[in-house]
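Notes for the one structure printed next.
Residue numbers (the numbering used here), protein chains in the order written: chain A, 27 to 475; chain B, 27 to 475.
So this is what it looks like as structure tokens:
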């Protein structure tokens, strides 16, 4: 079938600095080296050899306790914990790679913008322009309780803080003009003082004098990654994000989301092509359809229902322990992360799952229905790309590093054969590989609400 | 001369993630790769080959503006800025070394203990037990102004916050018992929930529920490094620090400080041998005494007086621009860092320096008077060790990496020949190499005031 959309897809890898999906660590091929750089560096080398745009690390700031107000299931089954600070992890991946972008999550809720701006500017310098920041506002009470807050602020308040947080960090990234460094040993001129200025930010949440104590970084701003899919989140992402990742139960909902966010970006004066939308997918590659389905079943058997329920309670921030596990789930308001969870609950209602069955199903759930042979998987990816449901994909692995190895070995060559994916890195920075321009100094002004 | 004190010295390297001493970056042999991992990794490899205990990075959270309330001299001459976030820097050094300890500064004034505890636990895991934390309380108004505070809190208030900060981080490090991880693929038991507990800390500055989202790290607590030399600082260090670094204008003041801090540690119930005192020294190695003196002069000529004044204003947090540069300095109250600055001002008075001369002198000042041949330098180090002025030294280089290379090539072999320094690493962790025991779980209780 001839391609109906020019261009190529982008590929990112979704990681946790700790065990990933429910039960994934139990797979015979899964490695459990989460406390050692070798594990992450191996992943980085696999992804770079496969020409991925970037790897990024999700994060949370505490052990979830959404199920029964207890950490027990999370600790017992390794769900959502442990989690290392992703900043040193991506620094260590960058130390053994040359082209692969590296992104880390940092919450605007529990950090200060000066520190965040300096950390990501440092990473962008130390990676020669390969750094990304996944901006989150944090959504769990369990996190708030680790930072002196009884309760999480509401979503709208969190995004107001996030907006000002980004404004401050961007002002700081621009506080040294490009070219301010002189490094003239003979004259002793280190930098041009006229090219470095305070920011004197005085806002509702933050008062920051600046300037940053670092020159402007190779990418100007690190690549901003965002996953907000609530109305507040979409508006935030349409203004600030270079990459949006999302999750959809159907191609139709993905197409609608894609159109809406691109239109929103255009309304904010941005070129919609400069915002890349990458739905999460979990490929399960088989030699045949039957082989792939058998592999999927193998994963499902590793998932205890209680572990899946803990994960779902955490993701939707609703305590599912309050319901009879052997009866269907009553209708729920989704308080936690937004996105596809409405669809998840629709599936639960349609299938008439008991709460326990829902836990088992959700714990083993894969994203994007990419279960099959490489040809089938690439057909599906091509369809999503051609129909403008996606600019590329966030590969969310079943188990690490084996799932990345299988994708790299079997799926990437088929993508390349069809001209859908690069065979060599062409850009010097992550922005260049993504096709997202380097922001001019002062660009933050056009990103404000 | 026979040794009068058994044991061996410890060696640490003092670094900035940016240009170091005033004018040092101008030296023909100085490298200026502060924005690239290769620079730091080269330093790490040199130090590991020389069997150093650890390298650590000083830090500050903003460009100083103590001189004339302006960043101008600092930017113009590269004094105290730029500064990368040291966390990714030490992660990248650890990625290419196996034995060298790696320490970073993090301020208790402008971070949250949950994040700090997780970052250093992550580093300790990712380095297999080689991480150190240099605890500072921050002393500049220029830093406070980057975090929404008009003025710096007083020293006593800063140390009260630091004390509670350390209490919370240590509770978090102990919130998973050793051995809590099971990783039993067959049963699905990831960890033992009975071995992981909330901390429920409710204090004056912090309320933190916990637990940490990470298992207890290889060293239990990272090595705690501290430089406080005010009465509040000494008390804090005597309770919490594993390593104290300090600066002395004479061996007599170093001996007095050493005796006082060790006695203080004993009064707090600690074995004084478990707190290592490392005065800062700046070796300038020559083929002869004349050669060494000539090298020292070479550095002095690279220092503009205005740059030295900016540095001194910053260190003592007194605006020296208010004085006539061509007259002697009037008597001053030292507001900023404590320590040796009283002695510095005594020297200025004794020498009857004008303010400008003082700036030039201070900018070019080296620590510990270690200027000479390797034999003379080692004589001096041996004297400091034998007379209990030091348990070892913090090598503060004139220029990087050349000064470390010269020290490694010429001084370390002489130290080894005299049995004063290790020829191989013996421990697996930084604590083991330092001879500082791994804290038992709950040890924080004995460290409180």
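All C-beta atoms in this analysis are idealised placements derived from N, C-alpha and C, irrespective of residue type, glycine included.
Note that the coordinates shown come from a computational prediction; the quantities given were computed from them, not determined experimentally.
Expressed to the nearest angstrom, what Euclidean distance is found between the alpha-carbon atoms of residue 422/B and residue 69/B? The residue you call residue 422/B lines up with position 396 of the second chain. The residue you call residue 69/B lines up with position 43 of the second chain. One C-alpha to the other measures close to 13 Å.
Top-ranked residue by Cα proximity to residue 296/B, from 255/B, 303/B, 302/B and 265/B: Within the second chain, the letter at position 270 stands for residue 296/B. Closest by alpha carbon: 265/B.
How far does the alpha helix (DSSP H) with residue 119/A in it extend, from its first residue to its last? Counting from 1 along the first chain, the entry for residue 119/A is found at position 93. Taken as a continuous stretch (DSSP letters only), the alpha helix (DSSP H) holding residue 119/A covers 112 to 120.
Between residue 57/B and chain A, is the shortest Cβ-Cβ distance under 8 Å, so that the two count as touching? Position 31 of the second chain holds residue 57/B. For residue 57/B, no CB of chain A lies under 8 Å from its own CB, so it is not counted at the interface with that chain.
Between the C-alpha atoms of residue 120/B and residue 118/A, what's the straight-line distance to the nearest angstrom? Against the second chain, residue 120/B aligns to sequence position 94. Against the first chain, residue 118/A aligns to sequence position 92. Looking at the backbone, the Cα of residue 120/B and that of residue 118/A are separated by about 8 Å.
With a threshold of 8 Å, are at least 3 pairs of Cβ atoms found where one atom belongs to the region 325 to 334 of chain A and the other to the region 50 to 57 of chain A? Touching, per the Cβ criterion.
Give the residues of chain A in contact with residue 98/B, contact being defined as C-beta atoms less than 8 Å apart. For the purposes of this step, residue 98/B is identified with residue 72 of the second chain, where counting begins at 1. The contacting residues are 219.
Taking all protein chains shown into account, do 16 or more other C-beta atoms lie within 10 angstroms of the C-beta of residue 377/B, making it buried, or fewer, making it exposed? As a first step, residue 377/B is located in the second chain; it is residue number 351 there, counting from the start. It is exposed - the Cβ of residue 377/B has fewer than 16 other Cβ atoms within 10 Å.
Suppose you measure from the CA of residue 447/B to the CA of residue 458/B; what does that come to, to the nearest Å? For the purposes of this step, residue 447/B is taken as residue 421 along the second chain, with counting starting at 1. For the purposes of this step, residue 458/B is taken as residue 432 along the second chain, with counting starting at 1. Spanning the two alpha carbons is a distance of roughly 15 Å.
For the ligand ATP, is there a heavy atom less than 7 Å away from the beta-carbon of residue 438/B? The ligand ATP is not part of the structure shown, which contains no ligands of any sort.
Among the candidates 274/B, 223/B, 206/B and 248/B, whose CA atom is the shortest distance from the CA of residue 159/B? For the purposes of this step, residue 159/B is taken as residue 133 along the second chain, with counting starting at 1. For the residues 274/B, 223/B, 206/B and 248/B, the minimum Cα distance to residue 159/B belongs to 248/B.
Cα separation between residue 388/B and residue 339/B? For this step, residue 388/B is matched to residue 362 along the second chain. For this step, residue 339/B is matched to residue 313 along the second chain. If I take the Cα positions, the gap works out to 10 Å.
Quick check: the region 193 to 213 of chain B against the region 276 to 290 of chain B, are there 3 or more CB pairs under 8 Å? Not touching, per the Cβ criterion.
Using only the alpha-carbon positions, how far apart do residue 358/B and residue 380/B sit? If you number the second chain from 1, residue 358/B lands on position 332. If you number the second chain from 1, residue 380/B lands on position 354. Cα-Cα distance, rounded: 14 Å.
Please give me, in chain order, every unbroken run of the alpha helix (DSSP H) with length at least 4 that falls completely inside the region 369 to 415 of chain A. Runs of the alpha helix (DSSP H) inside the region 369 to 415 of chain A: 381 to 390 and 400 to 412.
From this set, 382/B, 289/B, 332/B and 442/B, which residue's C-alpha is nearest residue 96/B's C-alpha? Here residue 96/B refers to the residue found at position 70 when the second chain is read from its first residue. Comparing Cα-Cα distances from residue 96/B to each of 382/B, 289/B, 332/B and 442/B, the minimum goes to 332/B.
Would you decide whether residue 32/A is buried or exposed? Buried here means 16 or more other CB atoms lie within 10 Å of its CB. Counted from its first residue, the first chain places residue 32/A at position 6. By the C-beta density criterion, residue 32/A is exposed, having fewer than 16 other C-beta atoms within 10 angstroms.
So that I know if they touch, is there some Cβ in chain B lying closer than 8 Å to that of residue 72/A? Here residue 72/A refers to the residue found at position 46 of the first chain. With respect to chain B, the C-beta atom of residue 72/A has no partner C-beta closer than 8 Å.
Let me know if residue 114/A comes out buried or exposed under the rule of 16 or more other beta-carbons within 10 Å of its beta-carbon. For the purposes of this step, residue 114/A is identified with residue 88 of the first chain, where counting begins at 1. Classification of residue 114/A: buried, given that the 10 Å Cβ count is 16 or more.
With a CB to CB cut of under 6 Å and the five nearest residues on each side skipped, what residues in its chain are close to residue 130/A? As a first step, residue 130/A is located in the first chain; it is residue number 104 there, counting from the start. Only 83, 112, 113 and 116 meet the Cβ criterion.
Can the beta-carbon of residue 460/B be found less than 8 Å from the beta-carbon of residue 36/B? Stepping through the second chain from its first residue, residue 460/B is reached at position 434. Stepping through the second chain from its first residue, residue 36/B is reached at position 10. Going by C-beta atoms, residue 460/B is nearer than 8 Å to residue 36/B.
Quick check: what's the CA-CA separation for residue 303/B versus residue 304/A? Sequence index remark: in the second chain, residue 303/B carries index 277 (1-based). Sequence index remark: in the first chain, residue 304/A carries index 278 (1-based). Roughly 53 Å between the two C-alpha positions.
Less than 8 Å separating the beta-carbons of residue 200/A and residue 208/A? The sequence position of residue 200/A within the first chain is 174, counting from 1. The sequence position of residue 208/A within the first chain is 182, counting from 1. In this structure, residue 208/A does not lie closer than 8 Å to residue 200/A by Cβ.
Rounded to a whole number of angstroms, what is the C-alpha to C-alpha distance between residue 164/B and residue 135/B? Position 138 of the second chain, counted from the first residue, corresponds to residue 164/B. Position 109 of the second chain, counted from the first residue, corresponds to residue 135/B. Going by the C-alpha atoms only, they are around 6 Å apart.
At the level of alpha carbons, what is the spacing between residue 76/A and residue 441/A? On the first chain, residue 76/A is found 50 positions in, with the first residue counted as 1. On the first chain, residue 441/A is found 415 positions in, with the first residue counted as 1. Approximately 11 Å between the Cα atoms of the pair.
I need the boundaries of the beta strand (DSSP E) containing residue 479/A, first residue and last residue. Residue 479/A lies beyond the stretch modelled for chain A, which goes from 27 to 475, so this question has no answer here.
Spell out whether any CB of chain B is found under 8 Å from the CB atom of residue 121/A. For the purposes of this step, residue 121/A is identified with residue 95 of the first chain, where counting begins at 1. In terms of beta-carbon proximity, residue 121/A lines the interface with chain B, with at least one pair separated by less than 8 Å.
Tell me whether residue 70/B sits in a helix, a strand or coil according to DSSP, three-state version. On the second chain, residue 70/B is found 44 positions in, with the first residue counted as 1. Helix.
Can you find a CB in chain B that lies within less than 8 Å of the CB of residue 88/A? By 1-based counting over the first chain, the position of residue 88/A is 62. The Cβ of residue 88/A sits closer than 8 Å to at least one Cβ of chain B.
Residues of chain A with CB under 7 Å from residue 117/B, in chain order? Locating residue 117/B in the second chain gives position 91, where the first residue counts as 1. Contact annotation for residue 117/B against chain A: 114, 117 and 118 [CB-CB distance below 7 Å, chain order].
Count the other CB atoms within 10 Å of the CB of residue 193/A; is the residue buried (16 or more) or exposed (fewer)? As a first step, residue 193/A is located in the first chain; it is residue number 167 there, counting from the start. Looking at its Cβ environment, which holds 16 or more other Cβ atoms inside 10 Å, residue 193/A is buried.
Between the C-alpha atoms of residue 250/A and residue 312/B, what's the straight-line distance to the nearest angstrom? By one-based count along the first chain, residue 250/A stands at place 224. By one-based count along the second chain, residue 312/B stands at place 286. So the two alpha carbons sit approximately 51 Å from each other.
Return the bridge partner residues of residue 271/B from the DSSP annotation. Counting from 1 along the second chain, the entry for residue 271/B is found at position 245. According to DSSP, which records beta bridges pairwise, residue 271/B is partnered with 304/B.
Proximity test, Cβ basis, 8 Å: residue 478/A and chain B: A question about residue 478/A goes unanswered here, because the residues of chain A that appear run from 27 up to 475.
Alpha carbon of residue 443/A to alpha carbon of residue 166/B, nearest angstrom: What you label residue 443/A is simply residue 417 of the first chain in a count that begins at 1. What you label residue 166/B is simply residue 140 of the second chain in a count that begins at 1. For residue 443/A and residue 166/B, the distance between alpha carbons rounds to 59 Å.
Give a yes or no on whether the minimum CB-CB distance between residue 159/B and chain A is below 8 Å. One-based indexing of the second chain puts residue 159/B at position 133. Interface residue (Cβ-Cβ distance to chain A less than 8 Å): residue 159/B is not classified as such.
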